[in-house]
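Novice: Just so we're aligned, residue 0 is where the sequence shown starts under numbering that gives the first Met the number 0, counting upward by one. For every residue, glycine included, the Cβ atom is placed at its ideal position computed from N, Cα and C.
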Amino acid sequence: MVSFRFPFSFSQPSLPKPPRATSSSSRFSVSAVAVTLTVGAAAAVAASRNPRHTILDWVFSSHRSSLLPWGSITLADSSSESVAEPKTGFSFPATIGESRRLLGVGLRKKSLLGLKNIDVYAFGIYADCDDVKKLVGEKYSSLAASELRGNKAFIDHLMEADIKMTIRLQIVYGKLNIRSVRNAFQESVGNRLKKFGGLDNDELLQSFTSLFKDEYKIPRSSIIDLTQEPGHVLSVAIEGNHVGSVKSKLLCRSILDLYIGEEPFDKNSREDFLDSVASIAVDK
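#1: Determine the contact status of Ser-268 and Gly-88, defining contact as a CB-CB distance below 8 Å.
#2: Of all the options Phe-91, Arg-148, Arg-99, Asp-201, which has the alpha carbon lying nearest to the alpha carbon of Gly-123?
#3: Start and end of the alpha helix (DSSP H) containing Ile-170?
#4: The alpha helix (DSSP H) that contains His-231, what's its start and end?
#5: Give the list of continuous alpha helix (DSSP H) stretches no shorter than 4 residues that lie fully inside the region 196–281.
#6: At the level of alpha carbons, what is the spacing between Val-235 and Glu-186?
#7: Out of curiosity, what's the CA-to-CA distance linking Ile-279 and Phe-184?
#8: Mind checking Asn-240: buried by the 16 CB within 10 Å criterion, or exposed?
#9: For Ala-126 and Gln-169, which I take to be in contact (beta-carbon distance under 8 Å), what is that distance rounded to the nearest angstrom?
#10: Tell me the DSSP bridge mates of Asn-116?
#11: Opposite Gly-103 in the DSSP bridges: which residues?
#12: Where do the ends of the beta strand (DSSP E) carrying Ser-81 lie?
#13: From the DSSP output, read off the bridge partner residues of Ser-90.
#14: Give the straight-line distance between the Cα atoms of Glu-214 and Arg-181, rounded to the nearest whole angstrom.
#15: Using the beta-carbon count (16 or more within 10 Å), is Ala-152 buried or exposed?
#16: Does the contact criterion of 3 or more C-beta pairs under 8 Å hold for the region 186–204 versus the region 220–234?
#17: By Cβ distance below 7 Å, which residues in the same chain neighbour Asp-256 in space, the five residues on each side in sequence not counted?
#18: Using only the alpha-carbon positions, how far apart do Thr-318 and Leu-112 sit?
#19: Report the rounded CA-to-CA distance for Asp-130 versus Ser-244, giving the unit in angstroms.
#20: Can you say whether Ala-143 is buried or exposed, counting buried as having 16 or more other CB atoms within 10 angstroms of its CB?
#21: Indicate whether Lys-163 and Arg-99 have their beta-carbon atoms separated by less than 8 Å.
#22: Along the alpha helix (DSSP H) that carries Glu-146, what are the first and last residues, could you check?
#23: Measuring straight from C-alpha to C-alpha, what distance separates Val-135 and Glu-80?
#24: I'd like to check one pair, Val-171 with Val-119: are the Cβ atoms closer than 8 Å?
#25: Which whole-angstrom value is the C-beta distance of Phe-195 and Arg-252, which I expect to be below 8 Å?
#26: So, is Glu-97 buried or exposed, given that buried needs 16 or more other C-beta atoms within 10 angstroms?
See below:
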């Protein structure tokens, strides 16, 4: 059984696509310059990254074509659509909860002992658009979208703000177990806690990792939600079942830093997320 407490580096192999699909069978690549999209019938679409058009153009479009960084598609009803992570085919709903909307998708990868590459899990990054707009309006309304995307102070503020956000993980590697997930977070979240809060955070880290109990099973395609609720409460759900919460602004920031910080698990996903945030900011 693979454990994440190991000499791993990140990379990826090709795994069979799961049976899950988007509701319209549409797929796009968040990072590729050219991708193939399928909406109803298959269609090949050439695309180039344009930071003025993001995943939100896809999520919020209705009966129109939107030029995206990944292509051009026409949707009849965006409210019922899902978005597929391009390499694995795992799909993510455009919205979850009452207000959180998909702003980016990515892939967590590892290289096993430098010999075998694996895709560990696909993930989607969700945020409450009204919360994001409020944050921008308070301090950054004078900045253009292009300036907002690269503004370090804004990105830091975004990770510290009391914004409703969810990181949804979908397990790709079928031999992964909950102990491996716990050990992985022990390392990655532990490093972030030290980065932002110093060395004396072992108890806080334990309160988080202890939520991933050995009895939980996570076969391929299982879903884990890490949600920042109002008041900087980190809520964890496995397969839709709430398993516990930890109230800590430091922990919430450390989790978000894994996905949208300066050294994220997937750089393309981070760029797409920031492009989407910038689009929200300028959408008055």
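Specialist: Working from what's here:
#1: No.
#2: With distances taken between Cα atoms, Gly-123 lies closest to Phe-91.
#3: Membership of Ile-170 in any alpha helix (DSSP H) is not indicated; the residue belongs instead to the beta strand (DSSP E) covering 164–170.
#4: Premise fails: His-231 is in no alpha helix (DSSP H) and is neither H nor E.
#5: Counting only runs of 4 or more, we get 201–208, 248–259, 266–281.
#6: The alpha-carbon of Val-235 is positioned some 18 Å away from that of Glu-186.
#7: Whole-angstrom Cα-Cα distance: 30 Å.
#8: The residue in question, Asn-240, is exposed, as its Cβ has fewer than 16 Cβ neighbours within 10 Å.
#9: Not quite, the Cβ-Cβ distance comes to about 18 Å (not below 8 Å), so this is no contact.
#10: For Asn-116, the pairing in a beta bridge is given by DSSP as Ser-110.
#11: DSSP output for Gly-103 lists Ile-124 as bridge partner(s).
#12: Element bounds for Ser-81: 81–83.
#13: The partner list for Ser-90 (beta bridge, DSSP) reads Ala-83.
#14: One C-alpha to the other measures close to 12 Å.
#15: Answer is exposed; the Cβ neighbour count stays below 16.
#16: With a cut-off of 8 Å, the region 220–234 and the region 186–204 do not count as touching, because too few Cβ pairs lie within range.
#17: Here the set comprises Met-158, Arg-191.
#18: With the chain running from 0 to 283 in the structure shown, residue 318 is simply not present.
#19: Between Asp-130 and Ser-244, the C-alpha separation is close to 21 Å.
#20: With fewer than 16 other Cβ atoms from the protein chains shown falling within 10 Å of its own Cβ, Ala-143 counts as exposed.
#21: Contact flag set, yes.
#22: Start and end: 144–148.
#23: Cα to Cα, Val-135 sits roughly 28 Å from Glu-80.
#24: If you check the CB distance, Val-119 and Val-171 come in under 8 Å.
#25: Indeed, because the Cβ distance is near 6 Å, the residues count as touching under 8 Å.
#26: By the neighbour-count rule (16 or more Cβ atoms within 10 Å), Glu-97 is not buried but exposed.
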